[in-house]
Each structure stands twice: as C-alpha cells, then as structure tokens.
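Notes to accompany the following structure.
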Amino acid sequence: MEGNQSFNLIWLVLGFPLFGFLIQSLLGKRIEKAFGRRVAGFLAVIPIVAAFGVAVLLTKQLAGMDATQRAEVGVVQTLFSWIKIASINIPFEVRIDTLSMTMVLIITGIGSLIHLYATGYMAEEKDYTRFFTYLNLFIAAMLILVLGNNLALLFIGWEGVGVCSYLLIGFWYKDLANSRAANKAFIVNRIGDVGLTVGMFLLVVLLAGNKDKLGIDGASGRWLSYDVMLPHLGELLKGNPGMTTAIALCLFVGACGKSAQFPLYLWLPDAMAGPTPVSALIHAATMVTSGIVLLNRMNIVFQMSPVASAIVCIVGAFTALFAALIAFGQTDIKKVLAYSTVSQLGFMFMACGAGAYWVGMFHVTTHAFFKALLFLGSGAVIHAMAHNQDMRNYGKLFKYIPITAVTMFIGYFAIAGIPGLSGFFSKEAILGYALANDHAQISGVNFSYIVGWVGLGVAMLTAFYMTRMTLLTFNGKTEQWRSIEPHHHDEHDHAHDDHGHHDHAHHAHEDHGPDEHGFFYTDEELAAQPHEHEHHHDLDKNHTPHEVPVSMWVPLVVLGVLSAGGGYVLANNHLFEHWLYPNGLSVLKELEEHPHHLPGGLSLMAYSIIAAGLGIVFGAIIYFRGLPKKEGWDESKWSPFRRAARDQFGYDNAMVSASVDGGRDLATFSWRGLDATVIDGAVNGSGWLATGIGKVLGWLQNGFIRAYAAGMLLGGVAILGYLAYALFTGVKK
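Whatever position you read off the sequence shown (first residue = 1), add 16 for this note's numbering.
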C-alpha cells in the first residue's frame, strides 16, 4: 500500500533520535554546563521515549488493517527520490509492516529503558554527552535498518550500527585494550559485510536480467524495493537453484557477522569492553538481532534453498552449543552473558533454518526482554561491587541489593526456560518446530530434527551456567570479597590475563588467551595504559554493596515484568504468530492438537521442562553454597575442561594467530616476492639497462678521430655488404 497519510508519523520515529543526536552533538556540552548532567541526560532520553510513543500509535493503526495486508504488503512511505540511474530508482522510503514495527517497538521501547538506566550508570563519566550522542545515533541507524524498504537502505543502517558499535565499544579509547576490542569488532564485521554485499549484487544481477519477464520494470524503476521485488522473487528463484543457494549463503555470511555466529562470533565477547548499557542495547537486544531480521525479510530466498536452510540450522545449533560450553568457563559476569547471547542467537538461527521465521522473531522479542534485564542487572551488580566483575568475589548479595536480585532472578528463570516465563514459550516453539519440520535437508538428511535434539541439550546447559552465575552472585555462604587483600591476584590471572592488574580488573582484561592482545598491541603496552573507568575503585574487605539509584532500578522492574509475562501474552492464542505471519504454518497449534511425542512417550513440553530442571538442579547442587571446594570443581584450581572453556577451546587464539601470522606472511611475501623482486626488479632493471647502454655508447663516443674513422669504415663496409647481398639474391631469382 503506497503513501497512506495516516502513517506519515513514521518520519517522527526516525526524526526524534536524529534530533536527539544533533542536540547532544552540537549543544550537549553547553546544556550540561548550564543546566547540569541530569537535564543533558534526559534530553537524550526524551527523543527515544517520543519515538516509542509514536511507534505504539502506528502499531495500533497497523493492527486495524486486514491481517494479510498488514503482514505481507504493509504500507510504504516515500520521503524523496534518492538514487536514480537509467532504469533503477531507489527512493528513500520506509516499509511499515508487522516485521518492521515489531523491531521498532523493541528498539525504541527497550532503548528508552536503557537510555534512562544510562543516565544513572554513566553519571560520573567525563564524556557524558559524547556517550549519549553515539547512543542516539545508534537508535537512528537501527531504525533505518529495519524500516528501509530496500536493501540499499538496509545496508546504510547495517553499516551505521556497525560504526556506532565501534564508537561505543571503544568509548574509553584511552585504554588500548578497549581500542583493540573496538577494532576487532569492526574488522570481523567487515568480513560478514563482504558476504552481504556480494549477496546484494547477485540479487541485483538476477533481477536486472529478468525484470522485463517478471513484469516489474514498470514500477517507476522501483524494482529493488521490497514491495515490488519480494512478491516476484520466488518465481524467479525457482528456475535458478544454484544462484538461489549462492545468494542465500552470501546473505547468511552477512547475518553471521552481525549476529555473532560461528565462525564470526569472535567480536561479541570482546565487545563487553564497552559500558554496560551498550552491552544491553546493542550487543543483546537490538544490533545483534539484525541478522535474524535480514533472514526474515529475505525468507523467500532461504525457503527456495533447502541446502542453505540446512546450513543455517547446522551453524545455529553448533554456535548455540559451542557458546554454551564456553559460558560455563567464564568468571566475568558480563562475559557469561556475552556467550549466553551468542548461544541464544544460535537458537534464533536454528528456528529460521527450520523455516520457523516467526519463531525466530518470537525469540528475538523475548530474548530482548530477559537479556536486556540480565545485562542491566549485571551492571547494577558491578555498580554495587565497586566495578568488580569477577563472580568469584561476589556472594550473599541478595540482602544488599534486593531489587536487583529479584529482577535478575526473573531474568534467570526466563532464560533457563521455567514454564510460564517468556523464554519458555519461545524456546519451546523453536524446539517444537525443529523436531516437527523437515524443511532443512541435504541429500535427504533432515537436519531440522537433528538440531532439535541439540537444542534440548543446549537448553539444559543454559539452565546450568545461568544457575552457576546467579548463585555465585547472590547466594553462597560467604561474602567472598571480605577475603580480598589489596592487589591480590591468583597465579593464573596474573600470568595469563591481567597484564599487571589485580584479578578484579576491567572486563577487557578478563578472558583473553595468552596471545590475543597481541592482535594490535603488546602486553607491555597494554599494562602501561591508564584505566580510568568501571574499575577505578578497588574492592576490599571493608566494602559494603549498595542498591542502585531509582533511574537504574526502574528499568529493571519494567523489564522484569516483561520477562515474566511477555512470553505468555504473545503466545496466547498464537497472537505473535498471527501478527507476524498470518498465513504461515501454525506449528504451535499443530503441536497442541497433535502433541509431538518423542522417544519414551513424553511430549516436547515435558522434555523441555526436564532439560531446564536438570540444568538448574545440577547447578544448584554444585553452587548453592557458593564456590565448590571439591577436587575437580574447585573454581580456583581450574579443571582442564574449565580452563579450555574459559579460553574458548583455543579457537579465538587460533583465529587471531592465523589472521596475524597469516597476514604477516602474506605481507612478507608481497614485500619480498612481489615488491622487492618483481616491481623493484622491473624499475631497477630499466635503470641498469639504461646505464649499460650508456656505458657502451660512452665507450664509442670517446673523442678520438681514429675511432670515428674506424666507425665510419665499419659502417661503410656494412652498407656495401648489405647491397652486395641484396644484389646477389635479386640476380639469383
């Protein structure tokens, strides 16, 4: 549907964050100086809240439309003609449909809460307004990504959020470890972006060669706009299976980069170097789900390629399992949540690979609730513990920070899959669809079913490592920080991690392998850097934890309510499914009417509950009283598996070494083999040749008359010889 005036307010959704960005960047410092930080902070919050309010109004209008119309056609609003070359017209236009508005509500709604939280969390930071400048700009870029009605606008938003992520990860840029983390995130994402770019160009080539045949050339040149392209794309791809798979896999590479899937997940754990509100907004609730949005928007490409779908399923399942195992080995509370995010993103990719695109988005939504809650809660814990992030220094915090504790327990139960909470509904839907579907196949092998069983195992691991994190933080029989001596560190942390800092140093130093920092800087350079943030207070035995201010705990309470009841509301009567894909296969309905019984005669729900229950019980047995002291589970002695999990089973170090050493070897070959030998050889060779010729000619041009006479004589003899030869051969003929 083109140009419905009632939806013109969509430009306010984009405009408010951009306005906030301009205010903060141009006037933020002056406002802060004149009226104080509280006013400057709330001027950053208000535009996002206003954008959320407008988004709610537009969503209500969209809900009043016919179900098929709102989900499959939507409303297109054009601002201006952007790119017009020959027969191609790419307007700056937005698409208002159920997928885009779902993401807009998440971005602006949770974004508002995180902005409010950040006003308290960042209150002591020197560059307060710079932080909110970046944060407002990120919201604007993310909105362009999800609202854009063509891949060109999606790409602008895609790169925009990447730049903002880089700026926010490296917010404390004077710390070289943070700069390294920001660079790593930027570079790894560029690898994924190559795949996205190639996939987009393949689509353009395919459409450009067939637009006349499909009858889409007459749409004012807008044949790259979603509303024109997508309805005809399936027909076109049906006759090009090889091209379809190539396009799908290229788009998937782009999604893997932005959504931190194996092998490109490396950047996300290091992204925890940024402030905690950044981790909650960008690296948990919004930007990292961009890949899922891309797969949903272009789902027709994957539906037409079972091979690509199977690969998406396999990579998602492996990433979910791999990251869950790594999370078990972490001691930094934010690193546990970072690897948990990678694992949960793997669940979302499993759903999309199995053809359950709406289920993937369902988990995007519930995950945004409980993971934003857990990250903000971890920030509150860090704030209460003098910016210490090592869970081994926590214990018995429930009585000191009860609001934070209660809300984090809700988030923990939600991600663990306790029945009734939000994570239970979306996770069960993913497992149900995977086990009941046969879409993702290679050579007749149904990978959907296989990854469904893997998903059950990951669900148990998730419950286990989240139980470990929660109990080490809030439970235990001792307050572990009471035993800390100033500048204490254990042997492993000193030699392996902190480069001269104590064991509760900043998270950017917490979980790296022995060579990882060498990716950009030496250990000596890193150790010499000043650290002026998030760990500027030493935690000691006399410290008393304290609850966070109201601006920080109000978002926790709101997210706690959403984490507790949001999943039930969206799953009730298949509300979310009918909202997002009204004509799609209702697998949940099928499972309700015909329960999918697995071996042993138990239903999927029973298996899901058992998996979560086993993880919780096993974790509680080991960690209920705090750090276990039994041999093999003693956290301070680092069992071989825990050490391997902590170091990502060597993968990160191997990739860093391969990229650094491989890059160095390539550069050496280019220098010695190509530059010095071929290029310099050609340049120097021409010089040597000219010098040699000059020397020969110089020997002849010596100034002696006898030499010139001899030359003339030799020349005359040569001429006479040639004439005689020519005459002789001519006479002979």
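For glycine and all other residues, C-beta sits at the position ideal for the given N, C-alpha and C. Small disclaimer: the values here were computed from a predicted structure and weren't measured.
Provide the residue span of the alpha helix (DSSP H) that contains residue i, from first to last.
i    : result
I342 : P322 to F344
L28  : I26 to F51
M424 : P418 to A432
R659 : P656 to R662
N268 : Sequence inspection shows Phe at residue 268; the Asn mentioned does not correspond to that position. Residues P257 to K274.
K351 : I349 to G369
V585 : V566 to A587
S442 : S438 to A452
F385 : Y373 to A400
M138 : Careful: M138 lies outside any alpha helix (DSSP H) and carries neither H nor E.
Q319 : N315 to Q319
P291 : Per DSSP, P291 belongs to no alpha helix (DSSP H) and is neither H nor E.
D191 : D191 -> no alpha helix (DSSP H), and no H or E assigned at all.
L591 : L591 to L596
Count the other C-beta atoms from every protein chain shown that fall within 10 angstroms of the C-beta of residue i, then say buried if there are 16 or more, exposed otherwise.
i    : result
A296 : buried
E109 : buried
W174 : buried
D286 : buried
H553 : Low per-residue confidence applies at H553: pLDDT is 48, beneath 50, and the placement is therefore not dependable enough to give any value.
W687 : exposed
D243 : buried
R206 : exposed
D728 : The residue asked about is misnamed: residue 728 is Met in this sequence, not Asp. By the neighbour-count rule (16 or more Cβ atoms within 10 Å), M728 is not buried but exposed.
P418 : exposed
E507 : A caution first: E507 carries a pLDDT of 34, below 50, which makes its placement in the model unreliable, though a value can still be read off. Exposed.
Y741 : exposed
W704 : exposed
E444 : buried
N24  : exposed
Run through the DSSP bridge pairs and tell me what residue i is partnered with.
i    : result
Q457 : N462
I104 : I101
R10  : Residue 10 lies beyond the residue range present for the chain, which begins at 17 and ends at 749; the question has no answer from this structure.
R111 : V92
S241 : N166
D406 : D348
Check for me: the beta strand (DSSP E) holding residue i runs from which residue to which?
i   : result
V91 : V91 to I101
Considering only the alpha carbon of each residue, which of the options lies closest to residue i?
i    : options                   : result
T135 : L575, M568, F334 and A726 : M568
D188 : Y150, T357, V162 and I458 : Correcting the residue identity first, residue 188 is Trp in this sequence and not Asp. W188 has its Cα closest to that of Y150, out of Y150, T357, V162 and I458.
N589 : A683, S619, F441 and D454 : F441
P257 : L736, V323 and R206       : V323
V210 : F171, V72, V309 and L38   : F171
S97  : R238, S321 and W174       : R238
A660 : G255, L390, H403 and F344 : F344
T213 : G250, L184 and A168       : A168
L620 : L218, P435, V564 and L591 : P435
L252 : A139, P279, A224 and G273 : A224
E593 : G710, G448, G80 and M377  : M377
E353 : L78, G332 and T292        : Here residue 353 turns out to be Leu, not Glu, going by the sequence shown. The residue with the shortest Cα to Cα distance from L353 is T292.
G471 : E563, K387 and I625       : I625
T489 : S579, A636, M476 and A622 : A636
I185 : V92, W283 and A102        : W283
L311 : A725, F365 and S459       : F365
M303 : Y449, I122 and N166       : I122
F58  : Y724, Y133, E444 and A479 : Y133
N226 : S241, S673 and H248       : H248
G36  : H131, Q93 and L739        : H131
V204 : V672, A692 and T684       : V672
A388 : Q277, G125, T478 and T260 : G125
S428 : G395, D228 and S579       : The sequence shown places Tyr at residue 428, rather than the Ser named in the question. With distances taken between Cα atoms, Y428 lies closest to S579.
Indicate whether at least one CB of chain B lies closer than 9 Å to the CB of residue i.
i    : result
N205 : Considering every chain present, this structure includes no chain B. It has just one protein chain.
Stretch pair the stretch 569-585 + the stretch 61-81: three plus CB contacts closer than 8 Å: Using a C-beta cut-off of 8 Å, the stretch 569-585 makes no contact with the stretch 61-81, since fewer than three inter-stretch Cβ pairs fall below that distance.
Taking three-plus beta-carbon pairs below 8 Å as touching, is the stretch 456-475 in contact with the stretch 369-386? yes
Between the stretch 447-461 and the stretch 370-390, do three or more beta carbon pairs fall short of 8 Å? yes
With three or more C-beta pairs closer than 8 Å as the rule, is the stretch 477-486 touching the stretch 340-350? The answer is yes - the stretch 477-486 touches the stretch 340-350, with three or more Cβ pairs under 8 Å.
Determine, using beta-carbon pairs with one atom in the stretch 313-328 and one in the stretch 256-275, whether at least three such pairs fall under 8 Å. yes
Can you find at least 3 beta carbon pairs, one from the stretch 661-676 and one from the stretch 329-345, that sit closer than 8 Å? Three or more Cβ pairs drawn from the stretch 661-676 and the stretch 329-345 lie within less than 8 Å of each other, which places the two stretches in contact.
Take every Cβ of the stretch 40-54, pair it with every Cβ of the stretch 142-157, and state whether three or more of those distances are shorter than 8 Å. Pairwise C-beta distances place the stretch 40-54 in contact with the stretch 142-157, as three or more of them are shorter than 8 Å.
Count Cβ pairs between the stretch 153-162 and the stretch 577-586 that sit closer than 8 Å; are there 3 or more? no
Three or more beta-carbon pairs under 8 Å between the stretch 628-641 and the stretch 396-412, yes or no? no
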